[in-house]
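**Q**
Number of protein chains: 2
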Amino acid sequence: MAQTKYQRVADEIKQRIIANVYPPRTLLPDQNALAAEFGVSRITIKKALDGVAREGLIYKKSGLGTYVLGDIALRDRDDSPANAFDGLSEQQGSERVTSQIIKFEVAFPNADLQDKLGIAENEAVYDIRRLRLLDDEPFILEHTFLPVRLVPNLSRQILEKSLYMFLHQDLNLTFGGAYRRIHADLPDELDQQYLKAGETTPVLETEQLIWLINGQNIEYSTARNVYDRRSYTVLDVNDF
Amino acid sequence: MAQTKYQRVADEIKQRIIANVYPPRTLLPDQNALAAEFGVSRITIKKALDGVAREGLIYKKSGLGTYVLGDIALRDRDDSPANAFDGLSEQQGSERVTSQIIKFEVAFPNADLQDKLGIAENEAVYDIRRLRLLDDEPFILEHTFLPVRLVPNLSRQILEKSLYMFLHQDLNLTFGGAYRRIHADLPDELDQQYLKAGETTPVLETEQLIWLINGQNIEYSTARNVYDRRSYTVLDVNDF
DNA sequence: CAGTGGTCTAGACCACCTA
DNA sequence: AGGTGGTCTAGACCACTGG
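Protein chains in written order, with the working numbering: chain A, 8 to 247; chain B, 8 to 247.
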């Protein structure tokens, strides 16, 4: 899987941290020693360690050495939906997730949406509302807007399965990044109807703008869930 | 400010993107041309571009070139509290933030807190509850636990100003990273009392574990606010 | 095919930390 | 003082892209 030398070194070092060969709060062997052991140059070791540090497993300090941190970062990173560029189906397993299409229309964007997606007034967008069910229980209510130009031939059949798989595999689009805003909200009528929220049940909403690697915005969406059904996790690593 | 060559190059390129010298959806000059212009090696240019790419402003593709993406990442990054290693006082300006100390005690941790902070049963922790006010309006209700061993001499006076400034400047501690969990919740009695939440007002809670660069956990805390007073933003960049 | 970015090296110098 | 990681270089080779 890992192709480059620095990836192989990084993977091996991560494995050793997980296996407690390099226990937390100790120093790693210095870069020259690692270079000798792996038979690569010190620069390559450094590049490998940079990556591991960026994931929060180690911390390097000039003049001192390289600390092994705890495995919190590691443990929590796995189930973190913060890096969720894949869709819900991929996160939870496609056999558990089903989708009920509430709305699937094509429309012209209003001024706000034009601005958010960076498109012209006369450029059509899909307006999609889906209820995502996990193990047949209402889970997330999604409202999604996509420019038609970037996603031709969208169908109900695709929306019932995985939109993200269609974008990635069939249209060969690659996500460059996403901006997300998370906040709590009062339930609206749709939440009550589809998510089975009560009149005062708190709702968690994630607003999301996704762009492609060529800089074009591909999706603006909101995803709402009842307060005790899902939370959102984030790992922040200082610097790097 | 910027010391190294690659930082200076990165800053200059970012400035050019902001100033539209390199407009979105165009290609940057290739690395050799940039190396010649800045009078540095291509490796140094690459390192600079790696950093800019990690911030979501550009995307590099081997065999093709380096795209300039939009400025969404940039615009939104500025007011994003996702990278909030500094405290509330630093984020909002210390003249606007005041703190009311509700509780300030020393206690032994329960099993859950021992596990979260990675400390022994007999190691004392501070148990602190503060109401943070923004422009004299209730804003955030914080519940904070810190090991006494790592933070000697904590006082009410410090808590009324900035805890983070004390940790950083006086104790010279450096944060390595943080793990955060964001979710919505029902209001409890304290929310109603201090945040002026109604009986059914949704609350946004951020749970947070912070560790130092040497791997020791320094803080476990929760921060709660009324649903329409604050949201949380995250920037995710693919790969890197 | 020519051009792009990605990787890798050996070697040099530097800033920083501990002692 | 000696050791650490950080930076930087010149040069080489590779994989990928487009025409």
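Positions of the beta carbon are idealized from the N, C-alpha and C atoms, including for glycine.
(1) Within 10 angstroms of its Cβ, does P209(B) collect 16 or more other Cβ (buried), or is it exposed?
(2) Between T11(A) and chain B, is any beta-carbon pair separated by less than 8 angstroms?
(3) List, in order along the chain, the chain A residues whose C-beta lies closer than 9 angstroms to that of S69(B)?
(4) Between N39(B) and chain A, is the shortest Cβ-Cβ distance under 8 angstroms, so that the two count as touching?
(5) Whole angstroms is fine: what's the gap from K53(B)'s alpha carbon to D57(A)'s?
(6) Any contact between the region 201-215 of chain B and the region 121-132 of chain B? By contact I mean 3 or more CB pairs, one from each, below 8 angstroms.
(7) So, for R163(A): in the same chain, excluding its five sequence neighbours on each side, which residues have a beta-carbon less than 7 angstroms away from its beta-carbon?
(8) In three-state terms, what does DSSP make of A191(A)?
(9) Taking only beta-carbon atoms, is H150(B) less than 8 angstroms away from chain A?
(10) Give me the chain A residues within the contact set of R139(B), using Cβ-Cβ distance strictly less than 8 angstroms, ordered along the chain.
(11) Tell whether a beta-carbon distance below 8 angstroms holds between R231(A) and L148(A).
(12) Are Y234(B) and A204(A) touching if we call contact CB-CB under 8 angstroms?
(13) How far does the beta strand (DSSP E) with V47(B) in it extend, from its first residue to its last?
(14) Assuming L71(A) and P31(A) make a contact with CB atoms under 8 angstroms, what is their CB distance in whole Å?
(15) Taking 8 angstroms as the threshold (beta carbon to beta carbon), is G72(B) in contact with chain A?
(16) Using the three-state DSSP reduction, which class does E167(A) fall into: helix, strand or coil?
(17) What does the alpha-carbon distance come out to for the pair D142(B) and R236(B)?
(18) With a Cβ-Cβ cutoff of 8 angstroms, do R49(A) and A42(A) count as a contact?
(19) If you measure between the beta carbons of L157(B) and I217(B), is that distance less than 8 angstroms?
(20) Locate the beta strand (DSSP E) running through K110(A), then write down its first and last residues.
(21) Closer than 8 angstroms, Cβ to Cβ, to anything on chain A: give me those residues from the region 169-203 of chain B, in chain order.
(22) Would T207(B) pass as an interface residue toward chain A - the criterion being a Cβ-Cβ separation below 8 angstroms?
(23) Report yes or no: is there a C-beta of chain A within less than 8 angstroms of the C-beta of N27(B)?
(24) Apart from the five residues just before and just after E214(A), which ones in its own chain have a Cβ nearer than 6 angstroms to its Cβ?
(25) V241(B) and V244(A): beta carbons closer than 8 angstroms?
(26) In chain B, which residues lie less than 7 angstroms from T6(A) when you measure between Cβ atoms?
(27) Hey, could you find the ends of the alpha helix (DSSP H) Y13(B) is sitting in?
(28) Please list, in chain order, the chain B residues whose beta carbon lies closer than 7 angstroms to that of S238(A).
(29) Does the beta carbon of Y133(A) come closer than 8 angstroms to any beta carbon on chain B?
(30) Just to confirm the assignment: which complete beta strand (DSSP E) runs, minimum length 3, are found wholly within the region 125-172 of chain B?
(31) Just to confirm before moving on: does the CB-CB distance between L161(A) and Y227(A) stay below 8 angstroms?
(32) Give the interface partners of G222(B) over in chain A, defined as CB-CB distance under 8 angstroms, in chain order.
(33) Would you mind working out which of G46(A), Q38(A), F45(A) sits nearest S69(A), comparing C-alpha positions?
(34) Where do the ends of the alpha helix (DSSP H) carrying Q200(B) lie?
(35) Mapping the DSSP letters down to three states, classify D83(A) as helix, strand or coil.
**A** Let's see:
(1) Using a 10 angstroms sphere on the CB of P209(B), the tally of other CB atoms reaches 16 or more, which defines it as buried.
(2) No, T11(A) lies away from the interface with chain B (no Cβ there is under 8 angstroms from its Cβ).
(3) Those within 9 angstroms of S69(B) in chain A number zero; the least Cβ separation is about 12 angstroms.
(4) No, N39(B) does not count as interfacial toward chain A.
(5) Each residue's alpha carbon lies about 15 angstroms from the other.
(6) Too few Cβ pairs lie closer than 8 angstroms, so no.
(7) Cβ within range, chain order: I108, F111.
(8) DSSP places A191(A) in strand when its eight states are reduced to three.
(9) It does not; no Cβ of chain A falls within 8 angstroms.
(10) Chain A residues near R139(B): none, gap ~18 angstroms exceeds 8 angstroms.
(11) In contact: R231(A) and L148(A) (Cβ atoms closer than 8 angstroms).
(12) Against a cut-off of 8 angstroms, the Cβ pair of A204(A) and Y234(B) comes out as no contact.
(13) From DSSP, V47(B) is part of no beta strand (DSSP E); its letter is neither H nor E.
(14) A Cβ-Cβ separation of about 16 angstroms leaves L71(A) out of contact with P31(A) under the 8 angstroms criterion.
(15) Interface criterion not met: the Cβ of G72(B) is under 8 angstroms from no Cβ in chain A.
(16) Looking at E167(A) - three-state DSSP - the assignment turns out to be helix.
(17) Taking the straight line from one Cα to the other gives about 13 angstroms.
(18) Judged by their CB atoms, R49(A) and A42(A) are nearer to each other than the 8 angstroms cut-off.
(19) Using a Cβ distance threshold of 8 angstroms, L157(B) and I217(B) do not count as a contacting pair.
(20) Looking at the DSSP string, the run of the beta strand (DSSP E) that includes K110(A) is 104-114.
(21) The residues in question are T181, F182, G183, G184, A185, Y186, R187, R188, I189, H190, A191, D192, L193.
(22) For T207(B), the closest Cβ of chain A is nearer than 8 angstroms.
(23) Cβ-Cβ to chain A under 8 angstroms: no for N27(B).
(24) Once the five neighbours on either side are set aside, the close Cβ partners of E214(A) are R188, T229.
(25) For V241(B) and V244(A), no; Cβs fall outside 8 angstroms.
(26) Missing from the structure shown is residue 6(A); chain A here goes from 8 to 247 and no further.
(27) Where Y13(B) is concerned, the enclosing alpha helix (DSSP H) stretches over 12-25.
(28) At a C-beta separation below 7 angstroms, S238(A) has these neighbours in chain B: R188, I189, H190.
(29) When Cβ-Cβ separations below 8 angstroms define contact, Y133(A) makes no contact with chain B.
(30) Under the rule that a run must span 3 or more residues, the beta strand (DSSP E) segments found entirely inside the region 125-172 of chain B read 132-141, 144-154.
(31) No; because the gap between Cβ atoms is not below 8 angstroms, this pair is not in contact.
(32) Contacts between G222(B) and chain A, judged by CB atoms closer than 8 angstroms, involve P31, R32, Y66, Y74, V75, L76, G77 in chain order.
(33) Cα-wise, what sits closest to S69(A) is Q38(A).
(34) Residues 196-201.
(35) Model confidence at D83(A) stands at a pLDDT of 49, short of 50, so the residue's coordinates are unreliable; what they give is reported in the following sentence. Note: D83(A) maps to helix in three-state DSSP.
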